[in-house]
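2 protein chains.
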Amino acid sequence: MANNIQNENPTPKKTRGRPLAFDESQVLEKALHVFWARGYEGTSMSDLVDLLGINKPSLYAKFGNKEELFDKAVELYLTKKSVFVSEALNAETASQVIEKFLIGAAKFLTDPSHPSGSMIVQGALSCGENTSAIHQKLIVKRAFLEAQFKERFDTAKTKGELNPNTDTISLAKYLTTLYQGMSVQATSGATQSELVDVVKLALENFSASH
Amino acid sequence: MANNIQNENPTPKKTRGRPLAFDESQVLEKALHVFWARGYEGTSMSDLVDLLGINKPSLYAKFGNKEELFDKAVELYLTKKSVFVSEALNAETASQVIEKFLIGAAKFLTDPSHPSGSMIVQGALSCGENTSAIHQKLIVKRAFLEAQFKERFDTAKTKGELNPNTDTISLAKYLTTLYQGMSVQATSGATQSELVDVVKLALENFSASH
DNA sequence: AATGATATATACCGACAAGTAGAGTTATTT
DNA sequence: AAATAACTCTACTTGTCGGTATATATCATT
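These protein sequence lines map, in sequence, to chains X and C.
Be aware that the first sequence starts at 0, since it is given in numbering that gives the first Met the number 0, and climbs by one per residue.
Be aware that the second sequence starts at 0, since it is given in numbering that gives the first Met the number 0, and climbs by one per residue.
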């Protein structure tokens, strides 16, 4: 209680024991890339040890077990990597939200600076029974994206940006469905321009409806 | 060469040794369902032994190794399960092809009589290095679906069913993208009516373009 | 310099993976 | 009935998995 005030020292530099031989956030970044590219089941802890340049006990000491490490990687992914989503959600009008999201998705999913596709889609799409916990967590994340769109479109409806009898649930689901499909395409080798063409096709047909 | 004429006996019933204690096609059917639901990596041969009611050496004797078994399951899936695809491709007009495919997909992907989603999508979407052969094969299968649509739309163009400046590649890619996204949705628990709503949304916007 | 705290390194654990050996069983053929 | 072909069964091998015990190295503190 009162005795942890000492921890509020703003610069607790001196750490007492032997210092860490690796940069924690850098290691997590690398782990994210491996999980992103190979999925949860496709990645072994030994793989990570090799690729991260850190030995196993240190890995477990810093990040817990494999599932916790994956969770932390997912959190990093959502907060720092797939930022185009929140940028799209903050767009002015509903149609701008849609366009920004889909175009942003085409670019993000094929960005050569990181693995292709969405980690939330391909991280654990199907799995054995021992992996179903991660499977479920990713389903929740996907549902959350959909719910964000649904809410955004609901408020858009009240502002008159959207036809009042728009089915916002289906519209949100359509968008995330397209996104998830684009993710599969990206992991299958689709290029950025191919995905942009697909998006343009979807958007063309869309602009006729409002 | 000439000495295998005897094998052309239309009813080679008498098989010499001890008869099989299981129905081969029935076992393959069950194996398909397991792979379909759990993916390649998520399914272990021991799982299959338990669920198929057949012991391991018999399984290996009849179907080769795990990869060959998976390949045979995929073949069964494509020829006997996802038949709605070829039905859609054989539809009269291009717009009927699109509608039949998407509506058929919504029903197929959520059909309660078999695992949800597409085996070709979730069978090995991402994987470690030792599974990449299967990964690649499924990519080829997905590309083949796309190519079938592209060809169908090309002939539709010559028949005047489709606007002559239609980008048939992108149209085909759009359709398969939507399909793959719907597959992800189905494995995430989306219901048939939800997917049908998504499809209707896509079709509405589509019908404006021709 | 000695102590205590923390991190690293090697080597290991039990569980389970894919795949197989070899003995036993059940049929047809001669 | 004897021989042989084909299948089944138990038990095993080898390798890898996630995870850890133990010993050692490196720092701040005293």
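Backbone N, C-alpha and C fix where the C-beta goes; we use that ideal spot for every residue, glycine too.
A quick note: this is a predicted structure, and the numbers were derived from the prediction, not measured.
message: Out of Val-198(X), Asp-196(X), Gln-184(X) and Lys-172(X), which one is the CA nearest neighbour of Ser-192(C)?
response: Position 193 of the second sequence, counting from 1, holds the residue named residue 192(C). Ranking Val-198(X), Asp-196(X), Gln-184(X) and Lys-172(X) by Cα distance to Ser-192(C) puts Lys-172(X) first.
Answer with buried or exposed for Asp-49(C), where buried requires no fewer than 16 other C-beta atoms within 10 angstroms of its C-beta.
In the second sequence, residue 49(C) corresponds to position 50, counting from 1. Classification for Asp-49(C): exposed.
query = Apart from the five residues just before and just after Tyr-178(C), which ones in its own chain have a Cβ nearer than 6 Å to its Cβ?
reply = Indexing the second sequence from 1 puts residue 178(C) at position 179. Correct list, in chain order: Ala-104.
Query - Leu-124(X): first and last residue of the uninterrupted alpha helix (DSSP H) it sits in - result: Numbered from 1 along the first sequence, position 125 holds the residue referred to as residue 124(X). Counting along the chain, Leu-124(X) falls outside any alpha helix (DSSP H), and DSSP gives it neither H nor E.
In angstroms with no decimal places, state the Cα-to-Cα distance between Ala-30(C) and Lys-136(C).
Here residue 30(C) refers to the residue found at position 31 of the second sequence. Here residue 136(C) refers to the residue found at position 137 of the second sequence. Between Ala-30(C) and Lys-136(C), the C-alpha separation is close to 18 Å.
Contact under 8 Å by Cβ, Glu-40(C) with Glu-40(X):
Your numbering for residue 40(C) matches position 41 in the second sequence. Your numbering for residue 40(X) matches position 41 in the first sequence. Yes, Cβ-Cβ distance for Glu-40(C) and Glu-40(X) is below 8 Å.
Item to complete: Would you give the residue range spanned by the alpha helix (DSSP H) that Tyr-39(X) belongs to?
Response: Here residue 39(X) is taken as the residue at index 40 of the first sequence, counted from 1. Counting along the chain, Tyr-39(X) falls outside any alpha helix (DSSP H), and DSSP gives it neither H nor E.
* Could you work out which residue in Val-26(C), Ser-187(C) and Phe-152(C) is closest to Leu-51(C) when comparing CA atoms only? => For the purposes of this step, residue 51(C) is taken as the residue at position 52 of the second sequence. Measuring from the Cα of Leu-51(C), the nearest candidate turns out to be Val-26(C).
Identify the continuous alpha helix (DSSP H) that holds Pro-56(C) and give its terminal residues.
-> One-based indexing of the second sequence puts residue 56(C) at position 57. 55-62 is the extent of the alpha helix (DSSP H) around Pro-56(C).
What residue range is occupied by the uninterrupted alpha helix (DSSP H) comprising Lys-131(X)? Start at 1 with the first residue of the first sequence, and residue 131(X) comes out as number 132. Position check: residue 131(X) holds Ser in this sequence, whereas Lys was assumed. Per DSSP, Ser-131(X) belongs to the alpha helix (DSSP H) from 131-157.
Fill in: Coarse secondary structure for Ala-189(C), derived from DSSP in three states
Here residue 189(C) refers to the residue found at position 190 of the second sequence. Of the three classes helix, strand and coil, the one that applies to Ala-189(C) here is coil, per DSSP.
- Message: Would Phe-107(X) and Ser-85(X) qualify as a contact pair, given that the criterion is a beta-carbon distance under 8 Å?
- Response: The count along the first sequence starts at 1 and reaches residue 107(X) at position 108. The count along the first sequence starts at 1 and reaches residue 85(X) at position 86. Cβ distance not < 8 Å, so Phe-107(X) and Ser-85(X) don't count as in contact.
Next on the checklist: Judging by CA-CA distance, which residue of Ile-133(C), Met-181(C) and Ala-90(C) is the nearest neighbour of Glu-67(C)?
Outcome noted: In the second sequence, the residue the question calls residue 67(C) occupies position 68. The shortest C-alpha separation from Glu-67(C) is found at Ile-133(C).
Can you give me, in chain order, the residues of the stretch 122-133 of chain C that have a beta carbon less than 7 Å from any beta carbon in chain X?
Leu-124, Ser-125, Cys-126, Gly-127 and Thr-130
Exercise. If you scan the stretch 59-123 of chain X from start to end, which runs of the beta strand (DSSP E) of 3 or more residues do you find wholly inside it?
Worked result: none
Between the C-alpha atoms of Thr-176(C) and Leu-144(X), what's the straight-line distance to the nearest angstrom? The residue given as residue 176(C) occupies position 177 in the second sequence. The residue given as residue 144(X) occupies position 145 in the first sequence. Cα to Cα, Thr-176(C) sits roughly 18 Å from Leu-144(X).
Worksheet item: For Ser-182(C), which of helix, strand or coil comes out of DSSP?
Response: Here residue 182(C) corresponds to residue number 183 of the second sequence, with the count starting at 1. Here Ser-182(C) sits in helix by DSSP.
* Please list, in chain order, all residues of the same chain as Ser-115(X) whose beta carbon is under 7 Å from its beta carbon, the five residues on each side excluded. => Within the first sequence, residue 115(X) is the residue found at index 116, counting from 1. So the qualifying residues of the chain are Leu-108, Thr-109, Ala-185 and Thr-186.
Q: Please name the residues in the stretch 166-186 of chain X whose beta-carbon is closer than 9 Å to at least one beta-carbon of chain C, in chain order.
A: Asp-166, Ile-168, Ser-169, Leu-170, Lys-172, Tyr-173, Thr-175, Thr-176, Leu-177, Tyr-178, Gln-179, Gly-180, Met-181, Ser-182, Val-183, Gln-184 and Thr-186
Is it true that the CB of Lys-99(X) sits closer than 8 Å to the CB of Ala-87(X)? The residue given as residue 87(X) occupies position 88 in the first sequence. The residue given as residue 99(X) occupies position 100 in the first sequence. Yes.
Worksheet item: Using DSSP with H/G/I as helix, E/B as strand and the rest coil, what is Leu-161(X)?
Response: Locating residue 161(X) in the first sequence gives position 162, where the first residue counts as 1. In this structure, Leu-161(X) counts as coil in the three-state DSSP scheme.
For a cutoff of 8 Å on Cβ pairs, would you count Asn-204(X) as touching chain C? Your numbering for residue 204(X) matches position 205 in the first sequence. Yes, contact with chain C.
Practice problem: Could you tell me the boundaries of the alpha helix (DSSP H) in which Ser-45(C) lies? | Solution: Within the second sequence, numbered from 1, the residue matching residue 45(C) stands at position 46. Run containing Ser-45(C): 44-51, per the alpha helix (DSSP H) assignment.
- prompt: Taking Cβ positions, are Val-198(C) and Ile-102(C) nearer each other than 8 Å?
  reply: Position 199 of the second sequence holds residue 198(C). Position 103 of the second sequence holds residue 102(C). Against a cut-off of 8 Å, the Cβ pair of Ile-102(C) and Val-198(C) comes out as a contact.
Self-check item: Inter-residue spacing [alpha-carbon to alpha-carbon] between Ser-182(X) and Asn-89(X)
Solution: Looking up residue 182(X) in the first sequence gives position 183. Looking up residue 89(X) in the first sequence gives position 90. Rounded to the nearest angstrom, the two C-alpha atoms are 22 Å apart.
Reducing DSSP to helix, strand and coil, say where Ala-20(X) ends up. For this step, residue 20(X) is matched to residue 21 along the first sequence. Three-state DSSP puts Ala-20(X) in coil, outside helix and strand.
Are the C-beta atoms of Ala-146(X) and some chain C residue less than 8 Å apart?
In the first sequence, the residue the question calls residue 146(X) occupies position 147. It does not: the Cβ of Ala-146(X) has no partner Cβ on chain C nearer than 8 Å.
Selected residue, minimal CA-CA separation from Ser-112(C), among Gln-95(C), Ala-36(C), Gly-180(C) and Thr-154(C):
What you label residue 112(C) is simply residue 113 of the second sequence in a count that begins at 1. Comparing Cα positions, the closest option is Ala-36(C).
Inter-residue spacing [alpha-carbon to alpha-carbon] between Thr-190(C) and Thr-14(C): By 1-based counting over the second sequence, the position of residue 190(C) is 191. By 1-based counting over the second sequence, the position of residue 14(C) is 15. Going from the Cα of Thr-190(C) to the Cα of Thr-14(C) covers about 47 Å.
### Task
Express the C-alpha separation of Gly-188(X) and Leu-47(C) in angstroms, rounding to a whole number.
Position 48 of the second sequence, counted from the start, is the residue given in the question as residue 47(C). Position 189 of the first sequence, counted from the start, is the residue given in the question as residue 188(X). If I take the Cα positions, the gap works out to 32 Å.
Worksheet entry | Contact set between Asp-196(X) and chain C, taken where Cβ atoms lie within less than 9 Å | In the first sequence, the residue the question calls residue 196(X) occupies position 197. Near Asp-196(X) (Cβ distances below 9 Å), the residues of chain C are Asp-166, Ile-168, Ser-169, Lys-172 and Tyr-173.
Can you tell me whether Ala-1(C) is buried or exposed, with buried defined as 16 or more other CB within 10 angstroms of its CB?
Along the second sequence, one-based indexing puts residue 1(C) at 2. Only weak support exists for where Ala-1(C) lies, its pLDDT of 36 falling under 50; the coordinates are left without a value.
query: Assuming Tyr-59(C) contacts Met-118(C) under a Cβ cut-off of 8 Å, what Cβ separation, rounded to an integer in Å, is found between them?
result: Mapped onto the second sequence, residue 59(C) falls at position 60. Mapped onto the second sequence, residue 118(C) falls at position 119. Actually they are not in contact, since the Cβ atoms of Tyr-59(C) and Met-118(C) sit about 22 Å apart, beyond 8 Å.
**Q.** Partners in chain X for Val-120(C), counting only beta-carbon separations shorter than 8 Å
**A.** Looking up residue 120(C) in the second sequence gives position 121. Here the neighbours are Leu-124 and Val-183.
Just to confirm, is the Cβ distance from Gly-38(X) to Ser-125(C) under 8 Å? As a first step, residue 38(X) is located in the first sequence; it is residue number 39 there, counting from the start. As a first step, residue 125(C) is located in the second sequence; it is residue number 126 there, counting from the start. Contact flag set, yes.
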